[in-house]
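Q: Protein chains in written order, with this note's numbering: chain A, 1 to 272; chain B, 1001 to 1318.
Note that CB positions come from ideal geometry on N, CA and C, so glycine has one too.
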Amino acid sequence: MLDVSILEQKAKEIRIDVIKSLKEAGSGHLGASLGLADIFTVLYFYELHHKAGVSDWHARDRLILSIGHAAPVLYVSLAHSGYFHPDELKTLRKLGSRLQGHPALCYKLPGVETTSGSLGHGLSIAVGMAISMIIDKTSHKVYCILGDGELQEGSVWEAAMSAAHYKLDNLVAIVDRNEVQIDGNTSEVMDIENLEEKWLGFGWDVLECNGNDIADIIKSFNIAREKTKPVVIIAHTKMGKGVPEIEGNYKWHGKVPNSKQAEKFIDAIINT
Amino acid sequence: MKQYETKEFKDTRSGFGAALHELGKINDNVIALCADLTGSLKMDAFAKDFPERFVQTGIAEANMMSVAAGLSITGKIPFAGTFANFATGRVYDQIRQSIAYSNKNVKICASHAGITLGEDGATHQILEDIGLMKMLPNMILINPCDYNQTYMATMAIAEYEGPVYLRFGRPKVPNFTNIDEKFEIGKAIVLKEGSDLSIFATGHLVWEAIEATKVLEEKGISVELINIHTIKPLDAQTILKSVAKTNAVVTAEEHMMNGGLGDSIAQLLVLEKPAPMEYVAINDTFGESGKPADLMKKYGLSAENIIAAAERVIKRKK
Ligand SMILES: [Mg+2]
């Protein structure tokens, strides 16, 4: 029987290391990494078939982080999974580091599956991987994490169309639906509703969940795994989740805490 | 010197298509992608015989380039084909991040490059693609001159691990290189040795340069003619060796003067061996509708323009 509380504890640890590494870096994006911590916890400690010691294991599931600015939560999740020593998290964004500001394949950090940063590429890359797996008749899956603001990029919908056309039943997209982006609320910057109907119209199956509720995320993945066409999970999250004083505040998209704030934020996470 | 004669007229894109089909037979990892231009790119034979390894993306080039990147990350060798216009400017960001920066083994196969695309006009006649692609670190840039060389280049890039931009064209042009001639990425081919002047030509302009060379030789000018099929990396050694001998340079290409082969050679010479130099290229203007041969004449890309440039540069030599 799965103990959800163990994963909840893991998500807290990931949030704490996200805060620590961003404080150390002195720049970066805190909001999305905190908001995605629960989804990353479920992915790396429940859902994905992967082997940290064998990052090129051919039968692994692939995780594509299309919103590269959420790199910290990816790096922390990889370190906690054993892909590299957590000490390396301190090098985030520093000269010579494998932990680039946005994930970059060419630095060969174990566990990083693609380069991202410029938005709207990831779902297409995931489609390419999924097609490749079908050609090779393998049964593993590709997971792709998209931002909700990112859905304003037209190339995402080119990718969505092709995934349905090629009946990619090995592809799961997760939309980080935090309803905010750099300039404000998505509804004001450029409304992306009706989101469910959009994906349905593009030929996908659609699930919705609370992306900050471990049990609900697990439930969604359990259903998604059985689907016979591409499926998107619209995961409602809060930017900055875990730190009540910044939750939902779009101004924390591209900000990092100073030492004092970091201490306070970490206390808040421990005490919830 | 070797004699180069027109035995037949063939389009370079068909050389690409034939080689791609051959690659389909001999390499299971080769995947072809196309954005609704399968016939124009001559990819139909591959699509017909290897349907499970052909990915039609529809009119969605951005998706095609990133899908190709995804295929390469999982070990495939994707050949993504469309018109040069849509294979570069339209998808620059996809190429930059997911192919060049990621250093992935994607072959960007760009047909209908340059002004010889012809009647469709300037919307489709890209003359900036060499500049765009050569600025990208990791990108190899190849612009073969005829059917046979395009065939050989296509076979060669499948063996090379890394991003490649392969540029070819639409019209039927003289097919004059030997199909057995070895194609080495980054190695220029000296077509004729000479002592008064070096002509460095690429793509469709190589044949024009051969025609020009015949006339110049009759006028008593000894021409060294070199086919630069690989624009990046540039064969600096061969170029410098030739210029050391001739101290006069003409470059010829079906591309904008800004950012093309001429600029690459000028940069090399400025740093290593300054010499009088003339460009045969398009001078900061868009093209227009017309027959390929007429456009080549009107926009200054014919053998006559190479001859005139040669005479100018010889005068500047002293
Ligand atoms: Mg958002």
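Under 8 angstroms, CB to CB, which of the residues in the region 103-116 of chain A have a partner in chain B?
A: So the close ones are A104, L105, C106, E113, T114, T115, S116.
Q: Applying a beta-carbon distance threshold of less than 7 angstroms, which residues of chain A neighbour B:G1081?
A: Residue mapping note: residue 1081 of chain B aligns to position 81 of the second sequence, counting from 1. Residues of chain A passing the Cβ test: none, with the nearest at roughly 15 angstroms.
Q: Using the Cα positions of B:C951 and B:C1109, report the straight-line distance between them to the nearest angstrom.
A: What is shown of chain B runs 1001 to 1318, which leaves residue 951 of chain B out entirely.
Q: Enumerate, from N- to C-terminal direction, the unbroken beta strand (DSSP E) stretches of 3 or more residues contained entirely within the region 1199-1282 of chain B.
A: Correct list: 1223-1227, 1230-1232, 1249-1256, 1277-1282.
Q: How far does the beta strand (DSSP E) with B:K1107 in it reach, from first residue to last?
A: By one-based count along the second sequence, residue 1107 of chain B stands at place 107. That run of the beta strand (DSSP E) goes 1107-1111.
Q: I need the DSSP call for B:T1082, collapsed to helix, strand or coil.
A: For this step, residue 1082 of chain B is matched to residue 82 along the second sequence. DSSP places B:T1082 in strand when its eight states are reduced to three.
Q: If you measure from the beta carbon of A:G128 to each beta carbon in chain B, is any gap under 7 angstroms?
A: The count along the first sequence starts at 1 and reaches residue 128 of chain A at position 128. At least one chain B Cβ lies under 7 angstroms of A:G128.
Q: Using beta-carbon positions only, say whether A:I266 and A:I6 come within less than 7 angstroms of one another.
A: Along the first sequence, one-based indexing puts residue 266 of chain A at 266. Along the first sequence, one-based indexing puts residue 6 of chain A at 6. It is not a contact, given that the beta carbons lie outside the stated cut-off.
Q: Can you give me the C-alpha to C-alpha distance between A:E153 and B:T1038, rounded to a whole angstrom?
A: As a working note, residue 153 of chain A is residue 153 in the first sequence. As a working note, residue 1038 of chain B is residue 38 in the second sequence. Taking the straight line joining both Cα atoms gives about 26 angstroms.
Q: Hey, does B:V1067 have any beta-carbon neighbour from chain A nearer than 7 angstroms?
A: Stepping through the second sequence from its first residue, residue 1067 of chain B is reached at position 67. B:V1067 counts as touching chain A.
Q: Work out the CA separation of B:G1262 and B:A1201 for me, nearest whole Å.
A: As a first step, residue 1201 of chain B is located in the second sequence; it is residue number 201 there, counting from the start. As a first step, residue 1262 of chain B is located in the second sequence; it is residue number 262 there, counting from the start. In a straight line, the C-alpha of B:A1201 is about 9 angstroms away from that of B:G1262.
Q: Can you list, in chain order, the residues of its chain with a C-beta nearer than 6 angstroms to that of A:K90? Leave out the 5 residues immediately preceding and following it.
A: Working through the first sequence from its first residue, we reach residue 90 of chain A at position 90. Counting only Cβ-Cβ distances below 6 angstroms, and skipping sequence neighbours, we find E24.
Q: So is the beta-carbon of A:N178 under 6 angstroms away from any non-hydrogen atom of ligand 1?
A: Taking the first sequence and counting its residues from 1, the one referred to as residue 178 of chain A is at position 178. Yes, ligand 1 has a heavy atom inside 6 angstroms of this Cβ.
Q: Checking 7 angstroms against the spacing of the C-beta atoms, do B:T1074 and A:S162 come in under that value?
A: Against the second sequence, residue 1074 of chain B aligns to sequence position 74. Against the first sequence, residue 162 of chain A aligns to sequence position 162. No, these two residues do not count as a Cβ contact at 7 angstroms.
Q: Quick check on DSSP: helix, strand or coil for A:N210?
A: As a first step, residue 210 of chain A is located in the first sequence; it is residue number 210 there, counting from the start. Here A:N210 sits in strand by DSSP.
Q: By alpha-carbon positions, which one of B:T1238, B:G1290, B:A1212 ends up nearest to B:A1252?
A: Along the second sequence, read from residue 1 onward, the residue named residue 1252 of chain B stands at position 252. That would be B:A1212, whose Cα lies nearest to the Cα of B:A1252.
Q: Would the beta-carbon of A:G149 be found less than 6 angstroms away from any heavy atom of ligand 3?
A: This structure does not include ligand 3; its bound ligands are ligand 1.
Q: Is the number of C-beta pairs between the region 244-262 of chain A and the region 1117-1130 of chain B that are closer than 8 angstroms three or more?
A: The region 244-262 of chain A, when compared against the region 1117-1130 of chain B, does not touch it at the 8 angstroms Cβ threshold.
Q: I'd like the list of long-range same chain contacts for B:R1096, defined as Cβ closer than 7 angstroms, with 5 residues on each side in sequence excluded.
A: Counted from its first residue, the second sequence places residue 1096 of chain B at position 96. Closer than 7 angstroms at the Cβ level, and outside the excluded window around B:R1096, lie L1136.
Q: Within the 7 angstroms Cβ cut-off, does A:E158 reach chain B?
A: Sequence index remark: in the first sequence, residue 158 of chain A carries index 158 (1-based). So, interface residue.
Q: Check the Cβ of B:D1093 against every Cβ in chain A and list those closer than 7 angstroms, keeping chain order.
A: For the purposes of this step, residue 1093 of chain B is identified with residue 93 of the second sequence, where counting begins at 1. Near B:D1093 (Cβ distances below 7 angstroms), the residues of chain A are S118.
Q: Within the present structure, is the beta-carbon of A:Q288 separated from the nearest heavy atom of ligand 1 by less than 6 angstroms?
A: Only positions 1 to 272 of chain A appear in the structure, and residue 288 of chain A is not among them; the question remains open.
Q: When the Cα atoms are used, what is the spatial distance from A:A235 to A:E245?
A: By one-based count along the first sequence, residue 235 of chain A stands at place 235. By one-based count along the first sequence, residue 245 of chain A stands at place 245. When rounded, the distance between both Cα atoms is 21 angstroms.
Q: Tell me whether B:Q1267, by its Cβ, gets closer than 6 angstroms to a heavy atom of ligand 1.
A: Locating residue 1267 of chain B in the second sequence gives position 267, counting from the first residue. Outside the cutoff, so no.
Q: Identify the residues that DSSP records as bridge partners of A:V180: which are they?
A: Start at 1 with the first residue of the first sequence, and residue 180 of chain A comes out as number 180. Paired residue(s): A:N185.
Q: Any heavy atom of ligand 1 inside 6 angstroms of the beta-carbon of A:M181?
A: Reading the first sequence from its first residue, position 181 is the one you call residue 181 of chain A. Checking the sequence, you will find Gln at residue 181 of chain A rather than Met. Correct: A:Q181 has its Cβ closer than 6 angstroms to ligand 1.
Q: At a Cβ cut of 9 angstroms, what residues of the region 1155-1187 of chain B count as close to chain A, listed as they run along the chain?
A: Going along the region 1155-1187 of chain B in chain order, one finds no residue with a Cβ nearer than 9 angstroms to chain A.
Q: Can you tell which of A:V243, A:V42, A:R93, A:I16 has the C-alpha that lies nearest to the C-alpha of A:G68?
A: Residue mapping note: residue 68 of chain A aligns to position 68 of the first sequence, counting from 1. Comparing Cα positions, the closest option is A:R93.
Q: Name the two residues that bound the continuous alpha helix (DSSP H) containing A:H80.
A: Your numbering for residue 80 of chain A matches position 80 in the first sequence. A:H80 -> alpha helix (DSSP H) spans 71-81.
Q: Would you kindly check if the distance between the Cβ of B:A1019 and the Cβ of B:T1322 is under 7 angstroms?
A: This structure gives no information on residue 1322 of chain B, because the portion of chain B shown stretches from 1001 to 1318.
Q: Relative to the alpha-carbon of B:E1208, which residue among B:G1121, B:F1176, B:L1271 has its alpha-carbon at the smallest distance?
A: Reading the second sequence from its first residue, position 208 is the one you call residue 1208 of chain B. Per the Cα distances, B:F1176.
Q: Nearest to A:L78 by CA position, among A:G96, A:L95, A:V54, A:A59, is which residue?
A: The residue labelled residue 78 of chain A in the question sits at position 78 within the first sequence. Residue A:V54 is the option with its Cα nearest to A:L78.
Q: Tell me the start and end of each unbroken beta strand (DSSP E) in the region 1046-1084 of chain B that is at least 3 residues and wholly inside, in chain order.
A: The region 1046-1084 of chain B contains these whole beta strand (DSSP E) runs: 1054-1056, 1077-1083.
Q: Cβ closer than 8 angstroms: which chain A residues qualify as neighbours of B:E993?
A: Because residue 993 of chain B is not part of the residues shown, which for chain B are 1001 to 1318, the question remains open.
Q: Would you mind working out which of B:V1280, B:V1270, B:V1249, B:A1266 sits nearest B:M1256, comparing C-alpha positions?
A: Position 256 of the second sequence, counted from the first residue, corresponds to residue 1256 of chain B. The shortest Cα separation from B:M1256 among B:V1280, B:V1270, B:V1249, B:A1266 belongs to B:V1280.
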